[in-house]
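Respectively, the protein sequence lines represent chains G and W. With the first letter of the first sequence counted as 1, position 255 gets the number 315 in this note's numbering; the numbers rise by one all the way through. With the first letter of the second sequence counted as 1, position 272 gets the number 1147 in this note's numbering; the numbers rise by one all the way through. We treat Cβ as the ideally placed atom computed from N, Cα and C, and that holds for glycine.
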Amino acid sequence: MRGEDTGRAPGAAPEAWRDRARGALLGLACGDALGRPAENMTPAAIAERWGRLTELAVDERGTAAGTDDTEYSVFIGLLLAEHGRGLRPEHVVAAYERDVLTIEGPMRGAGFSELGTVQALRRGLAPPDTGRRHLHGWSDGLAMRAAPYGVFAAGDPAEAARLIELEGQVSHAGEGLLGGRAVAAGVAAAMAGAAPREVAAAAREQVPADSWTGRALAHAVRAADEAPDTAALGAALHAAVVPAHYPWTDLAPEAVALAFGAYLAAGGEVEEAVVTAANMGRDADTTAAIAGALAGAGRGASGIPRRWAAAIGPVTGSCLPSVAGRHVTEVADLLVAAGAADRAAEAERSGAGRRTPGG
Amino acid sequence: MTTGDNPAHGGGTQPKAATGTGGPGADAPGSVADRVRGAFAGLAIGDAVGWPAGRHRSALLAPWTRRLGRELDLFAEEHRVTTLPVPFALNQPVAPLAMGPSDDAEWLAWTALGIGTDRAEAFAALAGRADVRARISVRTALDNLARGARPPHTGHDNPHFFDDAAAVRAVAFGAARPGDPEGAADDAQADAEVTNSGDGVSAARAMAAAVAAAVGGAGPAEALAAGTAHLPAGSAINAVVGEALAEVERAAPAQPFDLVPALEAVCCDHVYSYGTAAQATLGAAFALTGAAGGALGPAVSAAACLAPLADSAPALTGALAGALGGHLAIAPAWRARAAPLAGCCLPELAGTDLVGVADALAASSRSDRGDRSDNDDRGAGARRNP
């Protein structure tokens, strides 16, 4: 497999943060769009239909639509930009009540965890019971929208993990929280220029080794090290982390392992990471979105294939009407500004000019 | 046929063994042996009355009958007809489609026959077999064992860690320890951790403890309290079972059937594609057993009305009520339906008399206790409150 990108960012100038932030969320949107038509397909079926799926499906205007991965990331990114380090579960509940519970008719694009959370909120429950009462605490619905935390808390994986757990407890429990922590921490490390192996190590540091997610990530690292090509990587990961007798593809430990495996095997290169993840099937839009966020955070917006980035427009609000018209790059810029303001305030409070993370 | 009275259905386990070491036999109403039989037969009756039993048992017919059934489902969809298909035989034998026990009764029998053996080894012996049918939690655990994982990882790294497969098997561990809810819960946990985790294990502990108390002579309230003591604070199963029991309090003295709407609102989530989550089925089973004061008929028939939970809530309810009321309190016509097992999940159990299995378990646990201390059985007897 490819060697790793060991080139660190040249310091942490605001422009570099912004480029990486845009890279992370553009990478997420591209992965979501590339994987969308391959969701729930087997690698064999994908190969039969596309050979290797490498191009985003675009409409007549050349725009590629994403799904819940991108729209919920925008939703959470805006909330995080608003509240920063002061984000509380109550803010999340209020946002659900304003933007999600008000959706009339079907919740298009929503997974089990979103609807389970909505039902728990309608029962009048409060977090963390809202994330525990339904059965889908393990869903990858938190990991899919974890990238904004890494962007905001760039260079501080522990803070990214802490923040996502505050949000995640509204909708998730157990392994679903761990999947979110791993991706948020990984993106935070990649934002500071960490090489893929270091990114994976930072992610694993925020997850107990004695957990399903911890074991699945260990499999991902091993498979990426040992597999001679992407076909072997997919086969090894499927054998190790995909439950054969479970019909849904929404398990966080599985999705996170597939995404990290693809990202590591690609040496952090955006197109290769996203394409590898999408072609492994399962929850392909989510796994490719996570791989794209990790790789995009490391390589920046300039690392996104130009033909892909050109196809990413404002989100349509097909899953979450409240975010219609927002662009992931706009959210990235807001998160960078919020992170910078937050660090400045922190430095002022401590009075000691705390070192800029990653600087 | 009143099974258990007929040694020909013993399948190698002679009901006569029930009159072995110490204590009154299964012919004494309310005796430990009668209650152990009641737990097993009650589970099998509840298993039989849930609508999924017919689908499980149809696995004994040729696969094309089920393929045609799926095509008839599609036909109903495409033609907008409301005449829905049911399991059918065409030119196949019709016996499997008669009302009778299915998956849960077979897994209980398998557990009881292997009691005292290492649980991971017992499951590992099934791992390579192509003829076993089981819940998603169990199938995944068998795969995990085949990959080299060990408990508790086999049950933890498992998409359906929360289901009630282990709670069903826990009836065996409860029945094996009359009057010892704590010991039964620990035994059940060792088994449960192979296939489940979290709420799935808590449910097994609770079910084993409640059954152990009931077969030891406890009344309904005491037995259910022995069970709920094992549901950790802050867990979903604690919340759902607590809310379900609160509905019973609120509606008292309502009949179990009157509670069905409230329990549907508390227990059924309608978001997910499966209805075997332990929080849901245990909540229904505990509430309906409590509302019925342990009476099997009202409790089980109400549980069967909760359609999404009908695969196992009636079975768990039947096990609790049967353990409380004993086998002889069950109508003979229903006792006859508790056996023989069909072999639709574990083919080697086809024809096995579940009551005979219960008798063998009662006899072996009685002699175990006799070996340890004569006081154990007397203690259980003293708490008997038929």
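- prompt: DSSP three-state call for residue 1152 of chain W: helix, strand or coil?
  reply: For the purposes of this step, residue 1152 of chain W is taken as residue 277 along the second sequence, with counting starting at 1. Residue state, collapsed to three classes: strand.
- prompt: For residue 1143 of chain W, which residues from the same chain have a beta carbon less than 8 angstroms from its beta carbon, with the 5 sequence-adjacent residues on both sides left out?
  reply: Numbered from 1 along the second sequence, position 268 holds the residue referred to as residue 1143 of chain W. Contacts found: 1150, 1155, 1181, 1183 and 1184.
task: List in chain order: all unbroken alpha helix (DSSP H) runs of 4+ residues lying wholly within the segment 110-174 of chain G.
output: 128-143 and 149-155
query: If you draw a straight line from the alpha carbon of residue 303 of chain G to that of residue 310 of chain G, how long is it in whole angstroms?
result: Working through the first sequence from its first residue, we reach residue 303 of chain G at position 243. Working through the first sequence from its first residue, we reach residue 310 of chain G at position 250. Between residue 303 of chain G and residue 310 of chain G, the C-alpha separation is close to 11 angstroms.
message: By the 8 angstroms beta-carbon criterion, what residues does the segment 166-199 of chain G contribute toward chain W?
response: 172, 175, 176, 179, 189, 192, 193, 194, 195, 196 and 198
- prompt: Taking 8 angstroms as the CB-CB cut-off, is residue 306 of chain G touching chain W?
  reply: Within the first sequence, the letter at position 246 stands for residue 306 of chain G. So yes, residue 306 of chain G belongs to the interface.
field: Pick from G:262, G:346, G:271 and G:386 that is closest to residue 215 of chain G, judged by C-alpha positions
entry: What you label residue 215 of chain G is simply residue 155 of the first sequence in a count that begins at 1. The shortest C-alpha separation from residue 215 of chain G is found at G:262.
query: In or out: residue 225 of chain G buried (at least 16 other Cβ within 10 Å) or exposed?
result: Here residue 225 of chain G refers to the residue found at position 165 when the first sequence is read from its first residue. When all chains shown are included, residue 225 of chain G counts as buried.
query: If we cut at 8 angstroms on Cβ distances, does residue 1031 of chain W have a partner in chain G?
result: For the purposes of this step, residue 1031 of chain W is taken as the residue at position 156 of the second sequence. At least one chain G Cβ lies under 8 angstroms of residue 1031 of chain W.
- request: Output, in sequence order along the chain, the residues in the segment 1003-1029 of chain W whose CB is closer than 8 angstroms to any CB in chain G.
  value: 1011, 1014, 1015, 1018, 1022 and 1028
query: To the nearest angstrom, how far is it from the Cα of residue 990 of chain W to the Cα of residue 961 of chain W?
result: To locate residue 990 of chain W, count along the second sequence from 1; it is residue 115. To locate residue 961 of chain W, count along the second sequence from 1; it is residue 86. Between residue 990 of chain W and residue 961 of chain W, the C-alpha separation is close to 36 angstroms.
task: Leaving aside the five residues before and after residue 97 of chain G along the sequence, list all residues of the same chain whose C-beta is less than 7 angstroms from its C-beta, in chain order.
output: Position 37 of the first sequence, counted from the start, is the residue given in the question as residue 97 of chain G. So the list reads 117, once near-sequence residues are dropped.
Residue nearest to residue 1233 of chain W in terms of C-alpha spacing, selected from W:1077, W:1051 and W:1244: Taking the first residue of the second sequence as position 1, residue 1233 of chain W is located at position 358. Nearest of W:1077, W:1051 and W:1244 to residue 1233 of chain W, Cα basis: W:1051.
field: DSSP bridge partner residues for residue 199 of chain G (one or two, in chain order)
entry: The sequence position of residue 199 of chain G within the first sequence is 139, counting from 1. Beta-bridge pairing links residue 199 of chain G to G:311.
- prompt: For residue 1121 of chain W and chain G, any beta-carbon pair shorter than 8 angstroms?
  reply: For the purposes of this step, residue 1121 of chain W is taken as residue 246 along the second sequence, with counting starting at 1. Not an interface residue.
message: Please classify residue 281 of chain G as buried or exposed, where buried requires at least 16 neighbouring CB atoms within 10 angstroms.
response: Taking the first residue of the first sequence as 1, we reach residue 281 of chain G at position 221. Residue 281 of chain G should be labelled buried.
- prompt: Buried or exposed: where does residue 131 of chain G fall if 16 or more other Cβ atoms within 10 Å of its Cβ makes it buried?
  reply: On the first sequence, residue 131 of chain G is found 71 positions in, with the first residue counted as 1. Buried, because 16 or more other Cβ atoms sit within 10 Å of the Cβ of residue 131 of chain G.
task: Could you check what DSSP says for residue 289 of chain G in three-state terms: helix, strand or coil?
output: Against the first sequence, residue 289 of chain G aligns to sequence position 229. Coil.
- prompt: Is residue 405 of chain G buried or exposed, if buried means 16 or more other CB atoms sit within 10 Å of its CB?
  reply: Here residue 405 of chain G refers to the residue found at position 345 when the first sequence is read from its first residue. Classification of residue 405 of chain G: exposed, given that the 10 Å Cβ count is below 16.
query: Can you tell which of W:952, W:899 and W:977 has its C-alpha closest to the C-alpha of residue 1214 of chain W?
result: Translated into the one-based positions of the second sequence, residue 1214 of chain W becomes position 339. With distances taken between Cα atoms, residue 1214 of chain W lies closest to W:977.
task: With 8 angstroms as the threshold, decide whether the Cβ of residue 1034 of chain W is near any Cβ in chain G.
output: What you label residue 1034 of chain W is simply residue 159 of the second sequence in a count that begins at 1. Chain G contact via Cβ: present.
- request: Starting from the beta carbon of residue 1146 of chain W, find every residue of chain G whose beta carbon is closer than 7 angstroms, and list them in chain order.
  value: Within the second sequence, residue 1146 of chain W is the residue found at index 271, counting from 1. Under the 7 angstroms cutoff, chain G gives 172, 175, 176, 179 and 194.
- prompt: In or out: residue 1033 of chain W buried (at least 16 other Cβ within 10 Å) or exposed?
  reply: Taking the first residue of the second sequence as position 1, residue 1033 of chain W is located at position 158. Looking at its Cβ environment, which holds 16 or more other Cβ atoms inside 10 Å, residue 1033 of chain W is buried.
query: Can you name the residues of chain W whose CB is closer than 8 angstroms to the CB of residue 311 of chain G?
result: The residue you call residue 311 of chain G lines up with position 251 of the first sequence. 1034, listed in chain order.
query: Applying a beta-carbon distance threshold of less than 9 angstroms, which residues of chain G neighbour residue 1152 of chain W?
result: In the second sequence, residue 1152 of chain W corresponds to position 277, counting from 1. The answer, in chain order, is 195.
query: Taking a cut of 9 angstroms between CB atoms, which residues from the segment 1095-1115 of chain W lie near chain G?
result: 1109, 1110, 1111, 1114 and 1115
- prompt: Does the pairing of the segment 1001-1008 of chain W with the segment 1034-1048 of chain W give three or more beta-carbon distances under 8 angstroms?
  reply: no
query: Pairing CB atoms from the segment 332-351 of chain G with CB atoms from the segment 262-277 of chain G, are three or more of them under 8 angstroms?
result: no
- prompt: Since residue 268 of chain G meets chain W, which of its residues come closer than 9 angstroms, beta carbon to beta carbon?
  reply: Start at 1 with the first residue of the first sequence, and residue 268 of chain G comes out as number 208. None at all; the shortest Cβ gap to chain W is about 12 angstroms.
- request: Below 7 angstroms between beta carbons is the criterion; list the residues of the segment 943-954 of chain W that meet it against any residue of chain G, in chain order.
  value: none
query: From W:973, W:908, W:903 and W:1072, pick the residue whose C-alpha is nearest to that of residue 1242 of chain W; which is it?
result: For the purposes of this step, residue 1242 of chain W is taken as the residue at position 367 of the second sequence. Closest by alpha carbon: W:908.
- prompt: Looking at residue 1174 of chain W and residue 914 of chain W, is the spacing between their C-beta atoms short of 8 angstroms?
  reply: The sequence position of residue 914 of chain W within the second sequence is 39, counting from 1. The sequence position of residue 1174 of chain W within the second sequence is 299, counting from 1. No, the Cβ-Cβ distance between residue 914 of chain W and residue 1174 of chain W is not below 8 angstroms.
task: Tell me whether residue 80 of chain G sits in a helix, a strand or coil according to DSSP, three-state version.
output: By 1-based counting over the first sequence, the position of residue 80 of chain G is 20. Here residue 80 of chain G sits in helix by DSSP.
Minimum Cβ-Cβ distance from residue 1242 of chain W to chain G less than 8 angstroms: Counting from one through the second sequence, the residue named residue 1242 of chain W turns up at place 367. No, its Cβ sits nowhere closer than 8 angstroms to a Cβ of chain G.
task: Identify, in the order they occur along the chain, each residue of the same chain with its Cβ nearer than 8 angstroms to the Cβ of residue 210 of chain G, setting aside the five sequence neighbours on each side.
output: Stepping through the first sequence from its first residue, residue 210 of chain G is reached at position 150. Cβ neighbours of residue 210 of chain G beyond the five flanking positions: 84, 217, 220, 243, 244, 245, 246, 247, 248, 249, 250, 251, 353 and 357.
message: Taking beta-carbon pairs under 7 angstroms, can you tell me which members of the segment 1155-1177 of chain W lie near chain G?
response: none
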